Amino acid sequence: MNNKNIYIGIDGGGTKIVFCLDIMGKAFYLRKENSVNPNDIGFEKSASLVTEGMLELCLTNGIKPEDVNGIFAGIAGASTADYKNILKSYLDRAFVNSANGVSHDGENILYAAFPDTDGVIVICGTGSSCFVKKGDSIRRIGGYSLFDLDGNGYEIGRRAIAHALKCVDGREKRGILCEKVDSLCGGSCIDDLKKLLSLPIKKIASFAPAVFEAAEEGDIYADAIIESTAGYIACCIDRASESFDAVCPVCIAGSIGTHRLTFGKIQNKVNQKVSLTALSADPVTGAVNKAQLITGRYSKEEKKHG
48 MNNKNIYIGI
58 DGGGTKIVFC
68 LDIMGKAFYL
78 RKENSVNPND
88 IGFEKSASLV
98 TEGMLELCLT
108 NGIKPEDVNG
118 IFAGIAGAST
128 ADYKNILKSY
138 LDRAFVNSAN
148 GVSHDGENIL
158 YAAFPDTDGV
168 IVICGTGSSC
178 FVKKGDSIRR
188 IGGYSLFDLD
198 GNGYEIGRRA
208 IAHALKCVDG
218 REKRGILCEK
228 VDSLCGGSCI
238 DDLKKLLSLP
248 IKKIASFAPA
258 VFEAAEEGDI
268 YADAIIESTA
278 GYIACCIDRA
288 SESFDAVCPV
298 CIAGSIGTHR
308 LTFGKIQNKV
318 NQKVSLTALS
328 ADPVTGAVNK
338 AQLITGRYSK
348 EEKKHG
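Per our numbering, the very first residue in the sequence shown carries number 48; after that it's consecutive.
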């Protein structure tokens with residue numbers, strides 16, 4: 048009989064997955080450098096990688112799978128079709144005594160920033176989205192894939208490339224940003240157009256740092272791109288703040304949103320009741336917090352019906 052409190056949290060994205068095994072408040076980690084986004088690698092392969100990683104972490108630290116109390120896996124792309132049920136079935140088979148939960152990786156950040164209080168998180172990396180946590184309810188604002196691409200690294204990178212192409216035909220003036228885009232292309236971007244048109248989202252997002260560098264060096268086009276990005280994020284935050292009567296605590300995560308240029312512009316645009324901070328906690332700790340929460344609920348239900 049297991050008398051310990053043992054939980055596993057998982058934070059999985061498009062480039063890495065981090066596992067955290069919490070044994071009586073002591074944390075043990077495992078990190079793997081590969082995508083577990085089911086949209087990238089397939090549902091079954093993703094579910095298998097996530098489950099195998101957890102079993103490996105347990106084995107390394109002398110924990111039997113049947114002794115785990117609760118698991119929460121926050122995975123990028125988990126809201127797609129039936130993936131949640133597929134991964135949960137894997138977890139239920141491997142960890143038979145555990146209360147297991149699966150959702151998108153935004154919940155990790157929500158419960159890392161606000162483990163036991165209400166609040167708003169904004170994720171601004173390659174993609175972007177905003178989530179409002181009020182009690183047990185979580186509501187999404189923005190970030191609807193191809194139908195809502197603003198406020199993120201992909202759109203910043205896309206607009207940088209678009210600017211450089213406009214400089215080729217004279218619609219915009221050549222400057223620092225254009226030079227940086229050309230440099231990344233290894234020559235004039237127009238010569239690389241066919242390749243640029245076939246780039247995946249992450250590769251286009253990789254042009255985003257050049258925009259921040261150019262803005263730091265005084266490029267007006269780069270600054271305008273960041274200004275527009277901050278405006279989109281601020282709009283999402285203001286919409287989220289309508290759920291709060293008084294102060295609205297907002298935590299921003301991701302390299303785009305927490306960059307000092309973006310962060311400062313967002314602060315200048317949001318309404319006065321918004322209290323804006325950058326995420327300092329590791330997202331996987333939020334997954335552990337959620338695992339503990341769902342285990343507590345599960346236990347209460349067992350007692351109620353047992």
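Every residue gets a Cβ at the ideal spot worked out from N, C-alpha and C, and that includes glycine.
Here the structure is a predicted model, which is why all the values come from computation and not from measurement.
| Item | Value |
| --- | --- |
| Please classify TYR279: is it buried, with 16 or more other beta-carbons within 10 angstroms of its beta-carbon, or exposed? | buried |
| Can you tell which of LEU326, CYS283 and GLY301 has the C-alpha that lies nearest to the C-alpha of ASN318? | CYS283 |
| How long is the line joining the alpha carbons of GLU349 and ARG186, rounded to whole angstroms? | The predicted position of GLU349 is uncertain, since its pLDDT is 45 and thus under 50; a value taken from the coordinates is nonetheless stated next. Between GLU349 and ARG186, the C-alpha separation is close to 28 Å. |
| Is the CB-CB distance between LYS250 and GLY61 below 8 Å? | no |
| Excluding sequence positions up to five away, which residues of its chain have a Cβ less than 6 Å from the Cβ of LYS63? | GLU80 |
| Out of ALA211, LYS181, LEU340 and ALA338, which one is the CA nearest neighbour of VAL297? | LYS181 |
| Please report the residue range of the beta strand (DSSP E) in which THR127 lies. | First-last for THR127: undefined, no H or E at that position. |
| How about LYS312 and ALA277: do their beta carbons lie closer than 8 Å? | yes |
| Taking only the alpha-carbon atoms, compute the straight-line gap between GLN339 and LEU68 and give it to the nearest angstrom. | 12 Å |
| What number of angstroms, rounded off, separates the C-alpha of SER221 from the C-alpha of ASN84? | In the sequence as presented, Ser is not what sits at residue 221; that position holds Arg. One C-alpha to the other measures close to 38 Å. |
| Going along the chain, which unbroken runs of the alpha helix (DSSP H) with 4 or more residues stay wholly within the stretch 134-167? | 153-160 |
| Kindly give me the distance between the Cβ atoms of ILE170 and VAL179, rounded to whole angstroms, as I take these residues to be in contact under 8 Å. | Actually they do not touch by this definition, with Cβ atoms about 13 Å apart. |
| Are the CB atoms of GLY304 and PHE310 nearer to each other than 8 Å? | yes |
| Between TYR130 and the rest of its own chain, which residues show a CB-CB distance below 6 Å, the 5 nearest in sequence each way excluded? | PRO85 and PHE90 |
| Can you give, in chain order, each stretch of the beta strand (DSSP E) that sits fully within the stretch 266-350 and has at least 3 residues? | 295-300 and 321-325 |
| Would you call the CB atoms of ALA252 and GLY200 closer than 8 Å? | yes |
| With H, G and I counted as helix, E and B as strand and the rest as coil, what does DSSP make of MET48? | At MET48, the pLDDT of 46 sits below 50, so the modelled position is not reliable and the matter cannot be decided from this model. |
| Return helix, strand or coil for ARG186, following the three-state DSSP convention. | strand |
| Counting only runs that start and end within the stretch 191-257, where is the beta strand (DSSP E) found for 3 or more residues in a row? | none |
| Per DSSP, CYS171 forms a beta bridge with which residues? | SER175 |
| Leaving aside the five residues before and after PHE66 along the sequence, list all residues of the same chain whose C-beta is less than 7 Å from its C-beta, in chain order. | ILE55, ILE57, TYR76, LEU77, GLY100, MET101 and LEU104 |
| If you reduce the DSSP assignment to three classes, tell me which class VAL97 lands in. | helix |
| Taking THR342 and GLY117 to be in contact with their CB atoms under 8 Å, please state how far apart those CB atoms are, rounded to whole angstroms. | 3 Å |
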